[in-house]
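Okay, so the sequence shown: first residue is 1 according to this note's numbering, each after it adds one.
Virtual Cβ for every residue (Gly too), placed ideally from N, Cα, C.
Shown next, in structure tokens, is the structure this report addresses.
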Amino acid sequence: MSNLPDPQDAASWSRYVEDFRQSAHASVDWIAEYLKNIREVPVLPKGKPGDLVDALPKHAPVAGESFDRILEDFRTQVFPAVTQWNHPGFMAYFGTSASTPGILAELLIAAMNTNGLHWDTSPAVAELEQVAMGWYREWLTLPEEFFGIIYDTASTSTMHAMICAREYAMPESREEGYRAGLVVYTSEQAHSSVEKGAMAVGFGQKFVRKVPTDAEFRMRTDVLRQMIETDIKAGLRPACIVATIGTTSSTSVDPVAECAALAEEFNLWLHVDCAYAGPTAILPECVHYFKGIERAHSVVTNPHKWLMTPMDLSAFFTRKPEVLRQALSLVPEYLRSSEDPRAVHLMDYGVPLGHRFRSLKLWFILRYFGRDGIAEFLRRHMQLAQKFAAWVDADARFERVAPVPFSTVCFRLKGTDDQNKAMLAKVAESGTTFLSHTELNGKIVARIAIGNLATSEEDVALAWKLLQKAAEEV
Ligand code: PLP
Numbered sequence: 001m002s003n004l005p006d007p008q009d010a011a012s013w014s015r016y017v018e019d020f021r022q023s024a025h026a027s028v029d030w031i032a033e034y035l036k037n038i039r040e041v042p043v044l045p046k047g048k049p050g051d052l053v054d055a056l057p058k059h060a061p062v063a064g065e066s067f068d069r070i071l072e073d074f075r076t077q078v079f080p081a082v083t084q085w086n087h088p089g090f091m092a093y094f095g096t097s098a099s100t101p102g103i104l105a106e107l108l109i110a111a112m113n114t115n116g117l118h119w120d121t122s123p124a125v126a127e128l129e130q131v132a133m134g135w136y137r138e139w140l141t142l143p144e145e146f147f148g149i150i151y152d153t154a155s156t157s158t159m160h161a162m163i164c165a166r167e168y169a170m171p172e173s174r175e176e177g178y179r180a181g182l183v184v185y186t187s188e189q190a191h192s193s194v195e196k197g198a199m200a201v202g203f204g205q206k207f208v209r210k211v212p213t214d215a216e217f218r219m220r221t222d223v224l225r226q227m228i229e230t231d232i233k234a235g236l237r238p239a240c241i242v243a244t245i246g247t248t249s250s251t252s253v254d255p256v257a258e259c260a261a262l263a264e265e266f267n268l269w270l271h272v273d274c275a276y277a278g279p280t281a282i283l284p285e286c287v288h289y290f291k292g293i294e295r296a297h298s299v300v301t302n303p304h305k306w307l308m309t310p311m312d313l314s315a316f317f318t319r320k321p322e323v324l325r326q327a328l329s330l331v332p333e334y335l336r337s338s339e340d341p342r343a344v345h346l347m348d349y350g351v352p353l354g355h356r357f358r359s360l361k362l363w364f365i366l367r368y369f370g371r372d373g374i375a376e377f378l379r380r381h382m383q384l385a386q387k388f389a390a391w392v393d394a395d396a397r398f399e400r401v402a403p404v405p406f407s408t409v410c411f412r413l414k415g416t417d418d419q420n421k422a423m424l425a426k427v428a429e430s431g432t433t434f435l436s437h438t439e440l441n442g443k444i445v446a447r448i449a450i451g452n453l454a455t456s457e458e459d460v461a462l463a464w465k466l467l468q469k470a471a472e473e474v
């Protein structure tokens, strides 16, 4: 059997499309049931490493197979090995969810398969990205001069910030390569993507300074200043500060305005990572955390974290798009295109040439929920986090380890690291709830990160009940 259609034969082409129509309808029905009954699915798969590989054929089929067979294997073999990030009890790492407008947009994106290398290859990709990112930029309180581009992940966005920092400090590096001695400063609580970006771009791990934090895990800018001055005295060239609003472990908030003042004084690139907490800039009660962000040179926030967007969509903004362009624009003859000044060529602003139509997802989501809906969504989670924090505070067996500015609570059982790990393992065995851990002040700490559209107070209360029970058993 071959499913390959003959493009010259209208009947063959039509059979191919109708085959899709039927299976796509069935798949959409499956998705709707999946979302409706997501609570019934175990949040974590049961298998061990290698199970799925062993269950599937070693070699690809020679003859084509029917959608029915493929979908059947998806349901029975692949799906059971899926960790359910969409599950309301998934409160590990950062809670995320794929909302229906995002899922719908993803289907349309795949169907069109348009690729926005430069404006001419897809005006819609080039321009909808400017529109959707422009809307989001306003919500983030960033001034109009900030240019927005969508990459896959925050790690990629931050790597591009590093490329900008290198170009800003050493414009000759594009042509001549890069000599050692540029220094990046970030807090010891920053996400590992900062160090990885510095490694990838050639700064070198030993030129990444991890600035100590205060009792609330915020970057100490007095020490940052000392580090910068010491490096200058040693003949090094401070190049970049990365501040975080909503760090990965504790969701602490670095003093961005103080970082901006130092960046301005020493002429450094300031990148702000608000991968998780970014959307809360729309809440009047949170806007103070973002003070100074408008003075950053670049900002990253991930709608695929706390903005209901299916993986992947990372929003990168820069006040100096010309630096990004100088660093990365390279136009061989076969990629020459419109010289109209309004034609944005996304390939000029990043390492990848191909550019997915991700903005359609953001545009659908911002329109479907609206600012009010998104504000309510964020507040719901922040209120649940406050409730959970109060339960922890009221139970003498537990201690809370960090403030709760957003929707994540760090806490621990007053006991050993092993007891805390065992407690989390017991919770995970429930099948209904999954929490993860981190390390703060040298101790293993449990985290509950509320960020899923489907998560209700009952889910959070269930997590607390399971934790209390596990605390008695470990
Ligand atoms: N920055 C922060 C603050 C994060 O919490 C994370 C991931 O959790 C990242 C960056 C990396 O995100 P991504 O997986 O999109 O690279």
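Residue i: CB within 7 Å of a non-hydrogen atom of the ligand PLP
i    : result
G246 : yes
H191 : yes
Y168 : no
D372 : no
S155 : yes
D273 : yes
Y276 : yes
N452 : no
S97  : no
S250 : no
N267 : no
Y93  : yes
S314 : yes
N3   : no
N441 : no
N115 : no
N86  : no
K420 : The sequence given here has Asn at residue 420, not Lys. No - the ligand PLP has no heavy atom lying nearer than 7 Å to the Cβ of N420.
N37  : no
Under 8 Å between C-beta atoms of residue i and residue j
i    : j    : result
I282 : W139 : yes
T365 : M308 : Rather than Thr, the amino acid found at residue 365 in this sequence is Ile. The answer is yes: Cβ separation under 8 Å.
V300 : A315 : yes
A63  : S2   : yes
V78  : P45  : no
K291 : V242 : no
S436 : L466 : no
V43  : G95  : no
K443 : R412 : yes
T247 : A296 : no
T230 : R220 : no
A446 : M423 : yes
V211 : T251 : no
G116 : L346 : yes
V184 : F217 : no
D120 : S337 : yes
V201 : M159 : yes
G197 : S249 : no
R356 : I109 : yes
Q326 : E65  : no
V125 : T141 : no
Best match in the options for proximity to residue i [C-alpha to C-alpha]
i    : options                   : result
E258 : L270, S249 and T248       : L270
F317 : T121, L117 and S157       : S157
M162 : L328, K421 and A394       : L328
G181 : S187, C240, R137 and A215 : C240
V41  : A422, T432 and I450       : T432
L268 : S298, V351, P284 and E33  : S298
N441 : A215, E72 and K320        : A215
K387 : A375, S407, I103 and S187 : S407
A454 : S27, K36 and D152         : K36
L262 : Y136, M227, P5 and F434   : M227
W306 : N86, P352, L224 and E339  : N86
L107 : K361, V392 and D417       : K361
F369 : G102, Y16, Q22 and G50    : G102
H288 : V194, P405, M382 and P321 : P405
F74  : A55, P321 and A165        : A55
Strand pairing of residue i, partner residues [DSSP]
i    : result
S187 : V211
V253 : I245
H25  : DSSP, once it has assigned bridges, lists no residue as partnering H25.
G148 : F317
M219 : T213
C259 : Bridge partners of C259: none, in fact.
I532 : Here the chain has residues from 1 to 474 only, and residue 532 is not among them.
R69  : Answer by DSSP bridge pairing: none, since R69 is not bridged.
T433 : According to DSSP, which records beta bridges pairwise, T433 is partnered with nothing at all.
K443 : L440
Residue i Cβ short of 7 Å to the ligand ZN heavy atom set
i    : result
S407 : Absence of the ligand ZN is noted for the structure shown, with the ligand PLP being the only ligands found.
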